[in-house]
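K.L.:
Okay, so the sequence shown: first residue is 0 according to numbering that gives the first Met the number 0, each after it adds one. All C-beta atoms in this analysis are idealised placements derived from N, C-alpha and C, irrespective of residue type, glycine included. This one's a predicted model, so the numbers in the text were calculated from it and none came from an experiment.
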Amino acid sequence: MNDVQMPDLGSLAAAWATRGWLALLAFTAAVLIVAALRKPIRRWFGAERAFQLWLLPPLAVLASQLPHAATSPAPLPPLVYAITSAVGAPAPHAAVAGHVGWHGVALLLWLAGVVAALGFAVLAQRRYRRRLHGATPMADASAPRPVLRAASADVGPALVGAWRSRIVLPADFRQRYDATEQALILAHEAAHARRGDGWWSLLAQMLAALLWFHPLAWWALAALRHDQELACDAVVLREHGTHRRSYANAMLKTRSAALALPVGCAWSPRHPLTERIAMLKQQPVSLLRRRSGAAALALMIAMGAGAAYAATAPATPAQANQAAAPGRYTLKLDVSFDGKAPSQHFKLCLKPGEYAHVNGVSTGVPPWEGRITVLPAPKGQIEVRGDVGGGGIDKAVHPIVRTLPEQRATIQVGEHIATGKQGDASDTDKERSIKLEVTPTSGC
0 MNDVQMPDLG SLAAAWATRG WLALLAFTAA VLIVAALRKP IRRWFGAERA FQLWLLPPLA
60 VLASQLPHAA TSPAPLPPLV YAITSAVGAP APHAAVAGHV GWHGVALLLW LAGVVAALGF
120 AVLAQRRYRR RLHGATPMAD ASAPRPVLRA ASADVGPALV GAWRSRIVLP ADFRQRYDAT
180 EQALILAHEA AHARRGDGWW SLLAQMLAAL LWFHPLAWWA LAALRHDQEL ACDAVVLREH
240 GTHRRSYANA MLKTRSAALA LPVGCAWSPR HPLTERIAML KQQPVSLLRR RSGAAALALM
300 IAMGAGAAYA ATAPATPAQA NQAAAPGRYT LKLDVSFDGK APSQHFKLCL KPGEYAHVNG
360 VSTGVPPWEG RITVLPAPKG QIEVRGDVGG GGIDKAVHPI VRTLPEQRAT IQVGEHIATG
420 KQGDASDTDK ERSIKLEVTP TSGC
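Right under this line is the structure:
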């Protein structure tokens with residue numbers, strides 16, 4: 000059984016590459032759309048709607064992975080080939096096909112990158128939380144989350160975490176800001192908490208980790224955080240529009256340490272304050288325009304996700320067979336002995352003409368071995384070739400069968416083909432046979 004583990008890995012890696020490629024295309028297209036529309040939407044419908052546009056990339060990726068309704072015809076009847084005599088010797092074995100191809104190497108590299116990206120994020124989060132040691136609670140009835148005053152003046156203001164999030168304020172919060180500025184900063188952090196921005200940050204960080212190799216993923220993460228801050232600024236200005244100057248002063252007084260906070264929202268010196276302060280001079284977006292923007296945005300996101308779903312529809316069987324002829328095939332192989340139920344099951348991913356070695360060196364199975372391959376055949380068929388020996392038969396056989404994709408072919412080899420009732424002990428004792436049930440499909 001060890002000889003077939005690598006083909007299984009190859010099949011898994013090939014399937015991962017196919018699905019991953021679809022997700023990558025959907026993500027790239029969605030981020031490019033967001034990049035083109037975020038500023039016009041902010042100008043027309045407000046910063047809150049521009050931030051909500053970031054729903055498109057994760058929904059497009061999700062839509063690209065959804066299954067499609069089956070379009071294949073009804074299952075084809077199985078083909079049965081019986082060989083009652085076996086002559087000849089097995090052909091020389093080719094090199095084992097169960098090696099890890101580039102798909103497998105790419106899968107392992109991707110997994111290593113994901114683990115590294117998530118590991119760096121966890122370390123950064125823990126580093127920030129260590130700076131909160133010694134923080135003391137502050138009473139503020141208006142805040143939707145518990146409020147902590149940090150032990151250091153360069154930590155906060157920030158919303159830290161997603162689940163059980165906390166609002167963190169600097170140690171000199173009461174001294175640095177006047178009463179109006181304090182209320183505005185608390186309103187900003189409360190807006191983050193009410194909007195669930197900690198969860199947004201967590202989702203964005205996880206998506207960036209999954210696409211760690213994609214430059215647009217990290218640009219999108221930074222752009223999303225920027226739009227997140229602008230959206231909260233818009234909420235504060237809508238609720239406290241008469242204190243624009245005080246809000247600008249609070250921004251200028253905030254000089255937090257440049258500490259990464261993967262899950263949460265922190266006032267960072269890297270935020271473009273010029274753009275944030277410039278937004279304070281603009282007239283607030285009316286309620287009608289915000290509602291119109293919400294409707295337009297919902298329609299746009301639905302159309303984008305629908306387009307991603309439609310673009311990933313599978314090809315028809317004929318198209319898949321034609322496209323996969325120079326590529327790979329999946330071969331399902333079930334093996335049974337002496338008229339009994341199948342006791343061994345294999346799923347192989349093969350290139351045309353590439354042999355995979357299979358064997359039955361396990362408890363309760365007559366020792367046998369063989370090799371098997373697939374080739375494209377005329378009229379959309381797939382040809383299955385094999386060399387099989389052992390398993391209770393005296394001589395090796397070299398069956399060749401042709402079948403359509405998804406159509407099962409049964410190859411039964413032995414001195415006696417059972418004709419009695421299956422499970423009859425007297426008939427089973429007389430039979431010495433090996434049965435191979437093969438089902439080829441195009442692609443892996």
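#1: Please determine, among Phe44, His239, Val357 and Lys346, the residue with the shortest C-alpha to C-alpha distance to Thr440.
#2: For the alpha helix (DSSP H) that contains Glu368, what are its first and last residues?
#3: Where does Glu382 sit, in a helix, a strand or coil, going by DSSP?
#4: Start and end of the beta strand (DSSP E) containing Asp196?
#5: Between Lys280 and the rest of its own chain, which residues show a CB-CB distance below 7 Å, the 5 nearest in sequence each way excluded?
#6: Using alpha carbons as the reference points, say which of Ala105, Glu180 and Asp386 lies closest to Trp15.
#7: Do the stretch 258–267 and the stretch 195–207 touch if we need at least three Cβ pairs shorter than 8 Å?
#8: Taking 9 Å as the cut-off, decide whether the C-beta atoms of Ala233 and Gly45 are in contact.
#9: Go to His356, then tell me how far its beta strand (DSSP E) extends in each direction, as first and last residue.
#10: In this structure, how does DSSP classify Pro136 when only helix, strand and coil are distinguished?
#11: What residue range does the beta strand (DSSP E) around Leu440 cover?
#12: Since Leu168 and Ala150 are thought to touch, with beta carbons under 8 Å apart, how far apart are those beta carbons, to the nearest angstrom?
#13: Please state the DSSP three-state secondary structure of Gln411.
#14: I'd like the span of the alpha helix (DSSP H) that includes His344, first residue to last.
#15: Only counting the same chain, and skipping five residues up and downstream in sequence, which positions put a Cβ closer than 6 Å to that of Cys231?
#16: Using the rule of at least 16 other Cβ atoms within 10 Å of the residue's Cβ for burial, across every protein chain shown, is Asp393 buried or exposed?
#17: Would you call the stretch 293–305 in contact with the stretch 28–45, where contact means no fewer than 3 C-beta pairs closer than 8 Å?
#18: Just confirm the distance between the C-beta atoms of Gly359 and Trp367, as a whole number of angstroms; I'd bet it's less than 8 Å.
#19: Nearest to His356 by alpha carbon, out of Gly388, Ser342 and Pro377?
#20: When the Cα of Tyr127 is compared with those of Ala257, Val412 and Leu435, which residue comes out closest?
#21: Considering Cα atoms alone, identify which of Thr135, Ala134, Val159 and Asp139 is closest to Ala123.
#22: For a quick check, are the C-beta atoms of Val146 and Leu185 less than 9 Å apart?
#23: Between which two residues does the alpha helix (DSSP H) holding Arg449 run?
#24: Rounded to a whole number of angstroms, what is the C-alpha to C-alpha distance between Asp333 and Ala157?
#25: Which residues mark the beginning and the end of the alpha helix (DSSP H) in which Ser245 is found?
#26: In angstroms with no decimal places, state the Cα-to-Cα distance between Phe119 and Trp211.
#27: Please confirm whether Pro341 and Glu405 have their CB atoms less than 9 Å apart.
#28: Is the number of C-beta pairs between the stretch 236–252 and the stretch 168–180 that are closer than 8 Å three or more?
#29: In this structure, does DSSP put Gly305 in helix, strand or coil?
#30: Between the alpha carbons of Val113 and His344, how many angstroms are there, rounded?
#31: Helix or strand or just coil, what does DSSP make of Asp333?
#32: Could you tell me which residues DSSP pairs with Ile399 in its beta bridges?
#33: Name the one or two DSSP bridge partners that Arg165 has.
#34: Can you pull the DSSP bridge partners for Cys264?
#35: Have a look at Gly195, Ala309 and Gly442 and flag the residue whose alpha-carbon is nearest the alpha-carbon of Arg327.
#36: What residue from Leu403, Asp386 and Arg407 has the CA that sits closest to His397's CA?
P.N.:
The short version:
#1: Lys346
#2: Where Glu368 is concerned, there is no enclosing alpha helix (DSSP H), although the beta strand (DSSP E) it sits in stretches over Trp367 to Pro375.
#3: strand
#4: It is not in any beta strand (DSSP E) - Asp196 instead sits in the alpha helix (DSSP H) that spans Asp196 to Leu209.
#5: none
#6: Ala105
#7: yes
#8: yes
#9: Ala355 to Asn358
#10: strand
#11: Rather than Leu, the amino acid found at residue 440 in this sequence is Thr. Looking at the DSSP string, the run of the beta strand (DSSP E) that includes Thr440 is Ser432 to Ser441.
#12: Their Cβ separation, rounded to whole angstroms, is 11 Å, which puts Leu168 and Ala150 out of contact at 8 Å.
#13: strand
#14: Note, His344: premise wrong, no alpha helix (DSSP H); beta strand (DSSP E) at Gln343 to Leu349.
#15: His187, Ala190 and His191
#16: exposed
#17: yes
#18: 4 Å
#19: Gly388
#20: Ala257
#21: Val159
#22: yes
#23: The chain is shown only over 0 to 443; residue 449 falls outside these bounds and no answer can be derived.
#24: 59 Å
#25: Arg243 to Lys252
#26: 12 Å
#27: no
#28: yes
#29: helix
#30: 32 Å
#31: strand
#32: Arg384
#33: Val159
#34: Leu158
#35: Gly442
#36: Asp386
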